[in-house]
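Working notes, structure below.
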Amino acid sequence: MNRMKTRISTSSQSYPVSWTSLFSASAKNMLRSPARFASNALLGLALTVAVCDIKAQSAKSPKGGSPLPAGWTNGPNLPTTLARAVGIHFPANGRFYAMGGRSSDSVGSDQTNPFEYNPTTNTWATKAATYPDAHVSDMACGVLTDGGTPQIYCVGGSQAGQTTATARVFSYDPVADTITTLTAADNWPGDASGTILPGGFAVVGNKLYIFGGFDINNATTHQTWQFDPTAAVGSRWLQLSDYPADRGYIPAAAIGNVIYTAGGSLWDGTALRDTTDSFKYDTTTDTWTTIASIPSPTAETQAVNVYGVMLVLAGGEANQKRPMLTRDLAPLSYRFIYSPSCNMWGQGVSNIVPRRHFPADADGGSRIWLAGGYAGNGSALNTMEIYEAPAVQSAFSRKVHGDAGTFDISLPLSDNVGIECRSGGATNDYQMIINFATSVTVNGVGMICGTGHVSSFSVSGSQVTVNLTGVTNAQRITVQLQNVIDSSGSGDVPISMGVLVGDVNGNAAVNASDVSLTKSQVGQPVTTSNFREDVNAGGTISSTDVAVVKSDVGTSLPP
Ligand SMILES: [Ca+2]
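Per the working numbering, the sequence shown starts with residue 2, numbered consecutively.
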């Protein structure tokens, strides 16, 4: 029940996130204020911090206390030790579930019931519903809705001490506390041999995607399968483009329509080895694309989407078949962060206890729960950790359109990037507005990636205003609010924006459609429905705006 903040940063002077320039760097983005950000010596590599233009501001203390580091707190213990379970946040009731798993690696230690964590009461409960079988370790699970009822669907799994894997699918209704097993006609085809565990998994658009797999003690696999709970019995699975590598235990998270992965396990003929290869999957085009590799070999963990970036939580594998660094000898507690807008990795505050094969999930906003897993000595844990950062209510790119008024373009945090189509004037100025649920303090603001810099920022109650200048056209930028603190917790908040002047219809390209759209509004009053066509933000829509759009035809946002 102890929700006291635990300081886990080794340096109280360092900020929690360092974005590396390993994969995306320009001299412009070099750190300017070394006192504000610790260049992290993680991995023993010469990482260069790529946060620029942090506006120094004295750390304000929350009421009655000193500034808190962004980080994790201890939650209540699970009812049992638990490894190889899947963590699922269930939006309908706001609770967190640990599905399946085992209390140890001994035969017969398989779990028989779901565990439920209630954030309101800060307690765990063992549910009455019982699993259909003992093959409940290393399942793939996700929340899907069929017939208006959201449920947790789980696929596959193995049994402690066994080398077989089931292909069956069951659904758990947490509200009714009932489990329904689907017929064999809906078994996961990726486990045709009866020995393959799901690799990575994520839900997009009410479909569960499973990619790769671990053919137990034999191989890793690369098939991609999509499960649609609303399709007819026997036709719920669809095979899609193969994962680009043979991998099992792949950390993955969905952000918008795209699934991002980070490493995963490779079978080398004798043992599993963690890898760094990372990919993204566009569910709208059925395409896998390579992204920047995660900085350290990682597998056997879950990844989550918080604020539109992917956090890869701990993980790791002791059995590295390569020159060993200290970190490989035990599960990791590092938290790697991937920014889709930047295609770049950073490192955040580690969770408290290094662990792997543990259930974890986020609420789609700013909270993460994790519990159990294996400790460095291979024993299963029963401890829980909670990350709770200030919740962003909304974010906008704001411009004043002369006498017509102020108009905002929404900047979604966890979906596709919002596109600013208005010009920034002679010095390419823009302004971001970020609204939190309650009053906050902010220690600094900087750009993680993109060309431009923060000229100033201010905080008024729950609203943060960030002024940017020198923001060039046709790029994605990510601004990060450092160490945002409210009464519930603290964290770093990245806000991304696409800048594409003239893209009045917001489809990431400027072409004849944008010209036509702007022409159609010439002479009309500027309103909430057509302000994007006032591309110079002058307060009127005229031939000048049409000329601006025409001059930008052919430009587009980078992929
Ligand atoms: Ca367009």
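Note that CB positions come from ideal geometry on N, CA and C, so glycine has one too.
Just so we're clear, the structure is a prediction, and the values are computed from it rather than from any experiment.
What is the DSSP secondary structure of residue i, counted as helix, strand or coil?
i       : result
Leu-241 : strand
Ala-513 : helix
Val-549 : helix
Thr-74  : strand
Glu-534 : helix
Pro-341 : coil
Asp-404 : helix
Asn-84  : First, the residue type needs correcting, since residue 84 is Ala and not Asn in the sequence shown. Looking at Ala-84 - three-state DSSP - the assignment turns out to be strand.
Asp-111 : strand
Asp-247 : coil
Ser-543 : coil
Ser-424 : coil
Pro-391 : coil
Gly-157 : strand
Ala-233 : coil
Gly-524 : coil
Ser-518 : The sequence shown places Leu at residue 518, rather than the Ser named in the question. Looking at Leu-518 - three-state DSSP - the assignment turns out to be helix.
Asp-586 : This structure cannot settle anything about residue 586, because the visible part of the chain is limited to 2 through 560.
Ala-60  : The pLDDT assigned to Ala-60 is 34, lower than 50, so where the model puts this residue is not dependable; a value taken from the coordinates is nonetheless given after this. Ala-60: coil per DSSP, three-state reduction.
Asp-493 : strand
Gly-555 : coil
Pro-560 : coil
Ala-220 : strand
Ala-376 : coil
Gly-445 : strand
Ala-300 : coil
Could you round the C-beta distance between residue i and residue j to whole angstroms and report it? I think they count as a contact, below 8 Å.
i       : j       : result
Val-472 : Thr-452 : 7 Å
Ile-435 : Ala-381 : The Cβ separation is near 40 Å, so there is no contact.
Arg-477 : Gln-432 : Going by Cβ atoms, the distance from Arg-477 to Gln-432 rounds to 17 Å, so no, they are not a contact pair.
Gly-373 : Thr-82  : 7 Å
Ser-440 : Asp-487 : 7 Å
Ile-180 : Tyr-98  : Contact doesn't hold; Cβ gap of about 12 Å is too wide.
Thr-466 : Phe-458 : 6 Å
Glu-117 : Pro-175 : 7 Å
Gly-195 : Thr-165 : 6 Å
Ile-295 : Thr-277 : 5 Å
Which value, in whole angstroms, describes the spacing of the CA atoms of residue i and residue j?
i       : j       : result
Ser-424 : Val-401 : 12 Å
Pro-219 : Ser-159 : The residue you asked about is not Pro; residue 219 is Asn in the sequence shown. Approximately 15 Å between the Cα atoms of the pair.
Ser-411 : Glu-421 : 9 Å
Ala-185 : Arg-169 : 7 Å
Thr-121 : Gly-95  : 9 Å
Tyr-1   : Leu-312 : Residue 1 lies beyond the residue range present for the chain, which begins at 2 and ends at 560; the question has no answer from this structure.
Trp-268 : Tyr-244 : 15 Å
Lys-208 : Gln-525 : 43 Å
Ile-292 : Val-547 : 37 Å
Gly-213 : Ser-461 : 48 Å
Gly-88  : Asn-344 : 26 Å
Ser-514 : Asp-409 : 22 Å
Tyr-261 : Ser-544 : 43 Å
Tyr-640 : Ala-246 : Nothing can be reported for residue 640, as the shown portion of the chain is limited to 2 through 560.
Determine which residues share a DSSP beta bridge with residue i and list them.
i       : result
Ile-478 : Met-498
Tyr-431 : Leu-469
Pro-199 : Gly-214
Arg-356 : Paired residues: none, contrary to the question.
Trp-125 : Tyr-118
Leu-312 : Val-305 and Ile-338
Ala-254 : Tyr-261
Leu-267 : Arg-274
Asp-147 : Thr-150
Val-132 : It should be noted that the sequence gives Tyr, not Val, for residue 132. For Tyr-132, which the question treats as bridged, DSSP gives no partner whatsoever.
Asn-436 : Ser-395 and Gln-464
Val-455 : Leu-469
Trp-370 : Asp-362 and Ile-387
Arg-96  : Phe-91
Thr-284 : Its beta-bridge partners do not exist; DSSP assigns none.
Asp-409 : Arg-399
Arg-169 : Note: Arg-169 sits in no beta bridge, so no partner.
Trp-226 : Ile-211 and Gln-240
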